[in-house]
Each structure stands twice: as structure tokens, then as C-alpha cells.
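First residue of the sequence shown? That's 84 in the working numbering, and the numbers climb one at a time after it.
Notes follow the structure.
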Amino acid sequence: MTTAELLEAWNAHLALGRRRSPHTVRAYAATAARLLRTLEGEQDWASLARIDAATLRNYLAERRAEGLGNVSAARELSALKTFIAFACEQCGSNEAARPRLRGPRVKKGLPRPVTPDEAVNLAETVADDAALPWIAARDRAVLLLLYGAGLRIAEALGLKAAVLPLGESMVITGKGGRQRVVPLLPIVRDGISEYARLCPWPLEKDLPLFRGAKGGQLAQGLVQRAVARARISLGLPSTATPHALRHSFATHLLGAGADLRSLQELLGHASLSSTQIYTKVDAATLLDVYRNAHPRA
Numbered sequence: 084m085t086t087a088e089l090l091e092a093w094n095a096h097l098a099l100g101r102r103r104s105p106h107t108v109r110a111y112a113a114t115a116a117r118l119l120r121t122l123e124g125e126q127d128w129a130s131l132a133r134i135d136a137a138t139l140r141n142y143l144a145e146r147r148a149e150g151l152g153n154v155s156a157a158r159e160l161s162a163l164k165t166f167i168a169f170a171c172e173q174c175g176s177n178e179a180a181r182p183r184l185r186g187p188r189v190k191k192g193l194p195r196p197v198t199p200d201e202a203v204n205l206a207e208t209v210a211d212d213a214a215l216p217w218i219a220a221r222d223r224a225v226l227l228l229l230y231g232a233g234l235r236i237a238e239a240l241g242l243k244a245a246v247l248p249l250g251e252s253m254v255i256t257g258k259g260g261r262q263r264v265v266p267l268l269p270i271v272r273d274g275i276s277e278y279a280r281l282c283p284w285p286l287e288k289d290l291p292l293f294r295g296a297k298g299g300q301l302a303q304g305l306v307q308r309a310v311a312r313a314r315i316s317l318g319l320p321s322t323a324t325p326h327a328l329r330h331s332f333a334t335h336l337l338g339a340g341a342d343l344r345s346l347q348e349l350l351g352h353a354s355l356s357s358t359q360i361y362t363k364v365d366a367a368t369l370l371d372v373y374r375n376a377h378p379r380a
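Now the structure itself:
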């Protein structure tokens, strides 16, 4: 098989078989392509299934020499292990023969939430900076959806106009094709309805809900840049990003008494361990309040 054929099969497996996001497919495919370039001779699934830990260790050493950090190295190793596992499946190789290699230790940082007032001010400031009224309504609606319903930005921008008219809840398809139901606050419903009323593009059911200035699907980069400008004018830290609004949603719910299992469902996490990080965030927030408010702190 040619390298192109191997990568084409790998891409199809990720996109269709595993239902990974386009970003993940691109990243995993690029990693596999880099590995194939370092291997000598013609490659097929059988030879790829025989890749050992020493080969992966040499590959990662070369990448680290190029300046790859711990987080990226761990991500590439995970991608390569998945690629080799796929090769084993393709040729019926023994699963026990897969390479055992531990990646670099990565220290997980805590998400940095914004306060409820900062979340609303961020949405309002982005809207105030918009060039047209319908774009202002659109940007405000997107950010309120991230904070009010805890959506990932890709989930929000991937919504179809079929969700209209809105009810008290919405079905979201998240990572891995997992579906969940999220409740919609009145302020979120009103924001989206106002955008739908002002949008100059026809919101047909099979088309994107949030549209760009030329009618296509709204790009993540536009939202991120708008938030970056707004946070500067509000004096917020660089951690105040669109994704921070989702972190804030989770942190504020947990602080108000939500249990972890319910929060896991609302966020669409496959594993409870992903949700448990917010217990640390809440504790960190309480410590900050204590240090700032206690007269002896």
C-alpha cells in the first residue's frame, strides 16, 4: 500500500468509524504522516503493527529535539498508539504485541472561570463592538449559549436552524456523537430568538443557525477574536476565552450545589474524571475569596 492509501484509510476510520472531530482527524493524520516519513522501506498494516517501543521512543526524541513540549508529546504518543492499534486490527495482529510506552508526565492546569457578571459583560461588550445589529445579536447569543448552557464553542457553532423555535431545552450532539439534553435559560432563548429575527440570511432547517457575514457557517476564529478585543477593554485576563465561559458554567453550578453526575450529563463528559476537575476549581475559588476577604489572610 502507498502512504497515501494508508493515511486515507486512517482518516476514514477516525472520521466515520470513531466519529472524531475534524480538528482531531487533522491532528492525528498529521502525526501518522510524520511517523511514516521516518520509517524506511514500503509500509503496510502488518509492518506498522510491528512498530515497537524503541521506534516510538526514537520518533519522540526527534520531535522533542525540534522543540515539542510535554503536552504535545503526550498527545502525539496517544495518537500514534491509536494508529498502531488500528494497524493491528487491520491485519489481525496480536493485541499484546502493541508497544508499551509511557508518555511524559503532564501537569494539568485548572480551568480559570470568569464571574457571572464578567460573563454577561463580555457578551454585551462583544455585541457593542459589532458592526451591524444582527451581528451584535448573533455574537451575544453565541456567548450567552456558551455560559448559559455550558456548550463547547464547536457545539454552538455546529447547531442547525432546525432547533428553532426554541423550547425550554435543546438536544446537543457532542464529542463522539454523544447526545445530551441541556436546559435553556430565558435570557439564552431570548438572545437566540432576537438574533434569528434580525439575521438577514434564510434560517432553513438544514443550514447552520449561526451565520457569518457572507452567509456561511460562523467561524470559531471570529468569535475568539471578538472576545479577545472585549476582554482587553474590560481588563480581563487572557484566560477569559469563549471556552472559559463553559468552565464558568460548570464551576458556578457546582458552587450552587449541583452534583457531579448531573454536571457530567450537562457537560457531555464521557468520564466522571473529566468533571471532577471542577471540584478543584471550586475549592481554588473559595481559597481566593478567603485570602482576599479575610482580615488576617
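Glycine included, C-beta positions come from ideal geometry on N, C-alpha and C.
For clarity, every value in this text was computed on a predicted model and none was experimentally measured.
| Asked | Found |
| --- | --- |
| Inter-residue CB distance, Gln262 and Val254 (contact presumed, cutoff 8 Å) | 6 Å |
| Short Cβ contact (9 Å threshold) for Pro325 with Gln347 | no |
| Ser176 in three-state terms, based on DSSP | coil |
| For Val265, the nearest candidate out of Val246, Leu281, Ser276 (CA to CA) | Val246 |
| As assigned by DSSP and simplified to three states, the class of Val265 | strand |
| Neighbourhood of Tyr111 by C-beta distance below 8 Å, restricted to the same chain and skipping five residues each side | Trp93, Leu97, Arg103, Ala162, Thr165, Phe166 |
| Beta-bridge pairing of Met84 - partner residues as DSSP gives them | Answer by DSSP bridge pairing: none, since Met84 is not bridged. |
| Nonlocal neighbours in the same chain, by C-beta distance under 7 Å from Trp284, ignoring five residues either side | Arg294, Gly298 |
| C-alpha distance - Val197 paired with Leu286, whole-angstrom precision | 32 Å |
| Selected residue, minimal CA-CA separation from Gln173, among Gly152, Leu131, Ala341, Leu118 | Leu131 |
| Own chain, CB closer than 8 Å to Leu90, minus 5 neighbours either side, in chain order | Ala112, Ala115, Ala116, Leu119 |
| Among Pro216, Leu240, Glu159, Arg280, nearest to Arg109 - alpha-carbon criterion | Glu159 |
| Among Ala237, Thr208, Ala327, Tyr230, the one whose alpha carbon lies nearest that of Gln300 | Ala237 |
| Member of Gly231, Gly318, Gly259 whose CA lies at the smallest distance from the CA of Thr334 | Gly231 |
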